[in-house]
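Undergrad:
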């Protein structure tokens, strides 16, 4: 388990119009958890026509973590939640809400979020799951921000957690080498801002979907179809084509909503799906790769967990500084995609 450090920062002095009544959802803690089992690319060469070089060249992935037998999504989420609470230095009883983004829940119902609530003892919090596949954490952050800004919750934990190893077709080399398991968590706290882009916290969100493209990335099972969990299926080339264009656009749209541009960004923390998608999106935004947080080489694609994992790892390594402007963006099955602009 890795805890990360989040340090407070006072809003910068600005001559922009101020609204002292503005409420912002500010990150006060983060944490993550990865299963102990590490699976290098070489492990797939025993059963598939593939190689370490082939996987790295096409995805940038070198290794990933797989959950142990009996290690469910809720268990990963709980460990990440505990790390975030410790990092923030707060009690679970102070949480008003818990949102878990996942496409691989323990059970059809109840939600993973209610399981986490019980395990950490956050019994004053309401809890629910969000399902938007790889875009899930962005959707969950937007929902958490809405709860805070509307006054329905003052402190919200947002978790992304997945066990994608449970829905892999191990004979399909185009998909099974890409995914991994893990969980990451952020804690958002309602704090007063001035209503300017200098404020800490979430400054803007942008969410999108196009159900006409659902056949590009999906799982071929479900409760009301096959009655089984099914396996992940993906048209990789088509997903790539949509991803770069849509991710750059949603990032630009979210920045515009905040009254900012790409030149104001300190860090992009993208969904960690594929290094070529990450590089292509950064290029379209006109930002160098040394301003992009990249963890895909160590984690693979952990779907809704990838952004909070990357944020927590970057915070642990001391890369994220108080006041840094961060853009997170993701695209997943649906298609669903979106971005969040926040100041650390």
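In our numbering, the protein residues as written are 9 to 352. Think of the CB as a built atom: it goes at the ideal place given N, C-alpha and C, for glycine as much as any other residue. Note that this is a predicted model, so its numbers are computed, not measured.
Quick one, are the C-beta atoms of residue 303 and residue 146 less than 9 Å apart?
TA: Contact: no.
Undergrad: Which residue wins for smallest C-alpha separation from residue 365, given the options 118, 183, 163, 101?
TA: Outside the shown range of the chain, which is 9 to 352, sits residue 365, and nothing can be said about it.
Undergrad: Any idea which residues DSSP pairs residue 38 with across the strands?
TA: Per DSSP, 194.
Undergrad: How about the segment 173-181 and the segment 145-165: do they share at least three Cβ pairs that are nearer than 8 Å?
TA: These segments do not touch.
Undergrad: For residue 57, count neighbouring C-beta atoms within 10 Å of its own C-beta (all shown protein chains included) and say buried if the count is 16 or more, exposed if not.
TA: Residue 57 should be labelled exposed.
Undergrad: Residues bridged to residue 239 by DSSP?
TA: Answer is none; residue 239 lacks a bridge partner.
Undergrad: For the alpha helix (DSSP H) containing residue 354, list its first residue and its last residue.
TA: The question about residue 354 has no answer, for the chain in this structure spans 9 to 352.
Undergrad: Quick one: complete beta strand (DSSP E) runs, 3+ long, within the segment 204-254?
TA: Entirely contained in the segment 204-254, the beta strand (DSSP E) runs reaching 3 residues are, in chain order, 209-217, 225-227, 240-242.
Undergrad: Where do the N-terminal and C-terminal ends of the beta strand (DSSP E) with residue 127 fall, by residue?
TA: Residue 127 -> not in any beta strand (DSSP E); alpha helix (DSSP H) instead, spanning 120-128.
Undergrad: Could you check the C-alpha separation between residue 231 and residue 82 for me, to the nearest Å?
TA: Straight-line Cα distance between these residues: approximately 20 Å.
Undergrad: Which same chain residues, not among the five before or five after residue 30, have their C-beta less than 8 Å away from its C-beta?
TA: Same-chain partners within the cutoff: 200, 201, 202, 203, 207.
Undergrad: Identify whether residue 289 lies in helix, strand or coil by the three-state DSSP scheme.
TA: Residue 289: helix per DSSP, three-state reduction.
Undergrad: Along the alpha helix (DSSP H) that carries residue 61, what are the first and last residues, could you check?
TA: It spans 60-67 - the alpha helix (DSSP H) in which residue 61 sits, taken as one unbroken run.
Undergrad: DSSP on residue 84, reduced to helix/strand/coil?
TA: The answer is helix: DSSP assigns residue 84 an H, G or I state.
Undergrad: I need the straight-line Cα distance from residue 351 to residue 35, nearest angstrom please.
TA: Rounded to the nearest angstrom, the two C-alpha atoms are 9 Å apart.
Undergrad: By a C-beta neighbour count over all protein chains shown, 10 Å radius and 16 as the cutoff for buried, is residue 348 buried or exposed?
TA: With 16 or more Cβ atoms within 10 Å of its Cβ, residue 348 is classed as buried.
Undergrad: Determine whether the beta carbon atoms of residue 170 and residue 128 lie at a separation below 9 Å.
TA: Contact flag unset, no.
Undergrad: Which stretch, first to last residue, makes up the beta strand (DSSP E) that contains residue 181?
TA: Residue 181 -> not in any beta strand (DSSP E); alpha helix (DSSP H) instead, spanning 181-184.
Undergrad: Note down, in chain order, each residue of its chain lying with its Cβ closer than 6 Å to the Cβ of residue 322, except the 5 sequence neighbours on either side.
TA: Excluding sequence neighbours, residue 322 sits near 301, 328.
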